[in-house]
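Colleague: First, the structure itself, so that you have it in front of you.
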Amino acid sequence: MKKQRTHRHLDEREKLRQFRELDDAFAQALREMEVDTFEQRLEALMAEYAQTSENVTRLLHTLQALGRIA
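With the numbering used here applied, the sequence shown covers 881 to 950.
If you want it as C-alpha coordinates, here you go:
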(Lines of atoms letter the chains of each structure in order from A; the text may use other names.)
(Lines give C-alpha, C1' and ligand atoms only; values in the text may rest on other atoms or scores of the structure.)
Protein backbone atom coordinates (compact mmCIF):
# COMPACT_ATOMS: atom_id res chain seq x y z
CA MET A 881 0.00 0.00 0.00
CA LYS A 882 2.80 2.38 0.89
CA LYS A 883 4.49 1.65 -2.43
CA GLN A 884 1.31 2.70 -4.26
CA ARG A 885 1.21 6.00 -2.34
CA THR A 886 4.84 6.69 -3.17
CA HIS A 887 4.25 5.88 -6.82
CA ARG A 888 1.11 8.06 -6.89
CA HIS A 889 3.01 10.87 -5.18
CA LEU A 890 5.76 10.66 -7.81
CA ASP A 891 3.17 10.69 -10.60
CA GLU A 892 1.59 13.83 -9.14
CA ARG A 893 4.99 15.49 -8.87
CA GLU A 894 5.71 14.58 -12.49
CA LYS A 895 2.36 16.00 -13.61
CA LEU A 896 3.08 19.18 -11.69
CA ARG A 897 6.53 19.44 -13.28
CA GLN A 898 5.06 18.96 -16.74
CA PHE A 899 2.40 21.57 -16.02
CA ARG A 900 5.04 24.07 -14.93
CA GLU A 901 7.05 23.44 -18.10
CA LEU A 902 3.94 23.92 -20.22
CA ASP A 903 3.02 27.06 -18.30
CA ASP A 904 6.55 28.46 -18.78
CA ALA A 905 6.46 27.72 -22.50
CA PHE A 906 3.05 29.34 -22.83
CA ALA A 907 4.18 32.44 -20.93
CA GLN A 908 7.27 32.70 -23.13
CA ALA A 909 5.13 32.46 -26.28
CA LEU A 910 2.89 35.25 -24.97
CA ARG A 911 5.89 37.46 -24.20
CA GLU A 912 7.21 36.92 -27.72
CA MET A 913 3.82 37.80 -29.18
CA GLU A 914 3.71 40.94 -27.07
CA VAL A 915 7.16 41.97 -28.31
CA ASP A 916 6.13 41.44 -31.94
CA THR A 917 2.86 43.35 -31.38
CA PHE A 918 4.78 46.16 -29.65
CA GLU A 919 7.29 46.41 -32.48
CA GLN A 920 4.53 46.56 -35.06
CA ARG A 921 2.65 49.24 -33.13
CA LEU A 922 5.82 51.26 -32.58
CA GLU A 923 6.74 51.12 -36.26
CA ALA A 924 3.21 52.20 -37.21
CA LEU A 925 3.34 55.12 -34.80
CA MET A 926 6.78 56.14 -36.02
CA ALA A 927 5.49 56.16 -39.59
CA GLU A 928 2.30 58.02 -38.64
CA TYR A 929 4.24 60.75 -36.83
CA ALA A 930 7.21 60.69 -39.22
CA GLN A 931 9.72 59.91 -36.47
CA THR A 932 13.07 58.25 -37.02
CA SER A 933 14.47 55.54 -34.78
CA GLU A 934 17.05 58.07 -33.56
CA ASN A 935 14.29 60.43 -32.41
CA VAL A 936 12.48 57.62 -30.63
CA THR A 937 15.71 56.46 -28.99
CA ARG A 938 16.42 60.01 -27.79
CA LEU A 939 12.87 60.27 -26.42
CA LEU A 940 13.21 56.96 -24.54
CA HIS A 941 16.55 58.01 -23.05
CA THR A 942 15.04 61.32 -21.94
CA LEU A 943 12.04 59.61 -20.35
CA GLN A 944 14.36 57.16 -18.61
CA ALA A 945 16.58 59.98 -17.31
CA LEU A 946 13.51 61.76 -15.95
CA GLY A 947 12.43 58.60 -14.14
CA ARG A 948 9.26 58.25 -16.21
CA ILE A 949 10.19 54.75 -17.40
CA ALA A 950 12.46 52.05 -16.03
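All C-beta atoms, glycine included, are put in the ideal place defined by N, C-alpha and C.
In this text, all values refer to a predicted model and were calculated from it rather than measured experimentally.
So, with DSSP's three-state summary, where would you put ARG888?
Modeller: helix
Colleague: Beta-carbon within less than 8 Å of GLN944's beta-carbon, same chain only, minus the 5 sequence neighbours each way: which residues are those?
Modeller: ALA950
Colleague: Using DSSP with H/G/I as helix, E/B as strand and the rest coil, what is THR942?
Modeller: In the three-state scheme derived from DSSP, where H, G and I count as helix and E and B as strand, THR942 is classed as helix.
Colleague: Helix, strand or coil: which one does DSSP assign to ALA930?
Modeller: coil
Colleague: Quick one: residues in its chain with C-beta nearer than 6 Å to the C-beta of ALA907, no 5 flanking neighbours on either side, listed in chain order?
Modeller: none
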